[in-house]
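What follows is a single structure, written as structure tokens, with notes after it.
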Amino acid sequence: MSTIIHRGGASGVTGSCHQLIVNSESSLLIDCGLFQGEDAQQDSFEQLTIGFDISTVKALVITHVHIDHVGRLPYLLAAGFNGPILCSKPSAKLLPLVIEDALKIGFTRNARLIEQFLQRVDEQLVPLDYAKWHTLEASSSLMVRVKLQRAGHILGSSYVEVSLRETNSKRRERLVFSGDLGAANSPLLPAPKSPSRADVLVIESTYGDRLHEGRNERAALLKRAIEQALENKGTVIIPAFSIGRTQELLYELETIIHRAGSGSLWQSLEIIVDSPLAARFTQVYRDLKPFWDDEAQKLIKAGRHPLNFDALYTVDSHTAHEQTVRYLAESGRPAVVIAASGMCAGGRVVNYLKAMLGNPRHQVLFVGYQGAGTPGRDIQRYGPEGGWVMLDGERYDIRAGITTINGYSAHADQRDLLTFIKRMRHWPKEIRLVHGDTSAKLALKAAIEAMADKHQQPITVNLPENSV
């Protein structure tokens, strides 16, 4: 009945953009993200431009506001898209912050142009409640409806259900686009619940080939890595995305400090968020407490403040940032620094790495996916061997400790992804694996097919390619 063309995010882990062709006159876009790391071609401007016909696109549906899912929005609007931009209500609060930052980095720093663009985004935004159908088209021949469900990835994240019904033939079709699904037992946000049914499921596969540590185990690993730096009088550098990962880490760190009690080394430890954008996102997270999970609500009622505790400091100005880097590199004052970018491809974290990678007193702690072709992946891979990394065109030897904790990923692991499918009342006939390395997709494909055989479910699992 319908056709899906993948405009990004099918051949790699970034650039998510999927066009659902309903008929010759009507289509939807699910996300419109930026290509990063190895997914970004040398002629990156060509990847930024919208090189496909958008005349039939009736709406853009945003699953969440990470840059690899919304970063091409400025170029989509520049190409002439003036339809509704559908997203959850929390995403509608966060999107302007993300787009403003993206515009300043890769589009323009002209304040007037940025303001005009943000005004246009605001005019086209249609914030939706979770779990309620929104009618996009209701003609004599076709009914198109969209519903957002909590995805548990970051605040406001959604998976998308699309219902198609041909009025004359009475044919129906249900398609589900997962966006990025959250891991089970993540702090702050409830885990996603499966839809009742899908004929076609487009699902991410970022961690389709591995399992995350349990929550207690990952908290112990986090505590141990930081205590090692405390003993060495060093800094723990945590590269983290400004939205989602940063707030989850603050939540976990507040818990560790609270349990450590007075008189412990933890009471003198500074937790530094060196990212103005992350600080702004954290404030929005605080303002949107009603969307937190039950565990977080209980902490609030108990008088705890998991995103605003005494040991937490934020660094705003660039001058203060430079001073903080010098002070921590030279003083031996133990600290935890959370700074963007999450894959060390730019941003303030790079200055910390330049100053501290060569000193074994310090630790670099990875808590999120490091895309192929990024400095983060190189540090993660070669650091334990005493290797080196290129940062801003210069070589830096790696002598600092390197630790990776996969359990803090905001992405579902293989078990979570299989559970998402298994708990559907009516399993999909077709599953398309996107947003993952080839090895992750192949492993997840094999696991889905084994599960389908066990439950005698006829499922076709495809590994589509980008078609831009």
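Numbering follows numbering that gives the first Met the number 0, with no gaps: position 224 of the sequence shown is 223. Even for Gly, the Cβ is constructed at its ideal location relative to N, Cα and C.
For residue i, the nearest candidate out of the options (CA to CA)
| i | options | result |
| --- | --- | --- |
| Ile337 | Ser274, Glu226, Gly11 and His152 | Ser274 |
| Gly375 | Pro359, Thr403 and Arg6 | Thr403 |
| Ser263 | Ala277, Leu229 and Leu85 | Leu229 |
| Ile61 | Glu37, Cys31, Phe80 and Ile53 | Cys31 |
| Lys288 | Val314, Leu306, Ala277 and Leu276 | Leu306 |
| Gly181 | His211, Ser168 and Lys169 | His211 |
| Gln227 | Thr55, Gly341, Trp265 and Tyr129 | Trp265 |
| Ser267 | His410, Phe240 and Asp309 | Asp309 |
| Ile236 | Met342, Glu136 and Trp387 | Met342 |
| Ser316 | His5, Ala278 and Arg111 | Ala278 |
| Gly155 | Arg111, Leu85, Thr166 and Val145 | Leu85 |
| Pro238 | Leu390, Leu432, Tyr351 and Val433 | Tyr351 |
| Glu122 | Asp208, Gly82, Tyr284 and Tyr312 | Gly82 |
| Glu269 | Leu276, Val335 and Ala130 | Val335 |
Sequence-distant residues of the same chain with beta carbon closer than 6 Å to residue i, five excluded per side
| i | result |
| --- | --- |
| Arg171 | Arg164 |
| Val175 | Glu160, Pro194, Ala197 and Leu200 |
| Lys88 | Pro126 |
| Arg173 | Ser162, Arg196, Ala197 and Asp198 |
| Ala58 | Leu27, Gly82, Pro83, Leu85 and Leu135 |
| Tyr206 | His410 and Asp412 |
Buried or exposed by the 16-neighbour rule on C-beta atoms within 10 Å, applied to residue i
| i | result |
| --- | --- |
| Gln413 | buried |
| Ile299 | exposed |
| Val12 | buried |
| Tyr326 | exposed |
| Gln469 | No answer is possible for residue 469: the residues shown for the chain start at 0 and end at 467. |
| Asn405 | buried |
| Gln148 | buried |
| Gln41 | Per-residue confidence for Gln41 stands at a pLDDT of 49, beneath the threshold of 50, marking its modelled position as unreliable; the derived number appears in the next sentence. With fewer than 16 other Cβ atoms within 10 Å, it is exposed. |
| Ala445 | exposed |
| Gln369 | buried |
Integer-rounded CB distance, given that residue j should sit under 8 Å from residue i
| i | j | result |
| --- | --- | --- |
| Ala150 | His63 | 7 Å |
| Ile3 | Leu19 | 6 Å |
| Ser185 | Glu247 | 6 Å |
| Leu94 | Val56 | In fact, because the Cβ distance is near 18 Å, the residues do not count as touching under 8 Å. |
| Gly14 | Leu33 | 6 Å |
| Leu432 | Leu462 | 5 Å |
| Gly367 | Phe240 | 7 Å |
| Ile153 | His257 | With 8 Å as the limit, Ile153 and His257 do not qualify as a contact, their Cβ atoms being about 24 Å apart. |
7 Å Cβ shell around residue i - same chain, five flanking residues per side excluded
| i | result |
| --- | --- |
| Leu102 | Pro73, Ile113 and Phe116 |
| Phe106 | Pro73 |
| Arg347 | Asp273, Ser274, His320, Ala338 and Ala339 |
| Leu187 | Gln246, Glu247, Tyr250, Trp291, Asp292 and Ala295 |
| Pro189 | Arg149, Gly151 and Asp292 |
| Ala328 | Ala354 and Met355 |
Beta-carbon contacts of residue i that lie in its chain and below 8 Å, excluding the five residues immediately before and after
| i | result |
| --- | --- |
| Ile420 | Ser193, Leu200, Ile202, Trp426, Pro427, Ile430, Ile447 and Met450 |
| Gln213 | First, the amino acid is wrong: residue 213 is Gly here, not Gln. Taken in chain order, the residues that qualify are Asn184 and Gly406. |
| Gly331 | Lys232, Gly233 and Arg360 |
Within-8 Å CB hit, residue i to chain D
| i | result |
| --- | --- |
| Ala137 | Among the chains of the structure shown, chain D does not appear; only one protein chain is present. |
Heavy atom of the ligand ZN within 7 Å of residue i beta-carbon
| i | result |
| --- | --- |
| Arg6 | Because no ligand of any kind appears in the structure shown, any question about the ligand ZN cannot be addressed here. |
(message) Three or more C-beta pairs under 8 Å: does that hold for the segment 394-403 against the segment 355-375?
(response) Output reads yes: the segment 355-375 touches the segment 394-403.
(request) Take every Cβ of the segment 421-440, pair it with every Cβ of the segment 453-467, and state whether three or more of those distances are shorter than 8 Å. (result) The segment 421-440 makes contact with the segment 453-467, as at least three CB pairs between them are under 8 Å.
(request) Evaluate contact between the segment 229-247 and the segment 432-443, counting only Cβ atoms and requiring at least three cross-stretch pairs below 8 Å. (result) Short answer: they don't touch.
(request) Answer yes if the segment 208-226 comes into contact with the segment 371-388, meaning at least three C-beta pairs across the two stretches below 8 Å, and no otherwise. (result) Taking 8 Å as the limit for Cβ pairs, the verdict is that the segment 208-226 does not touch the segment 371-388.
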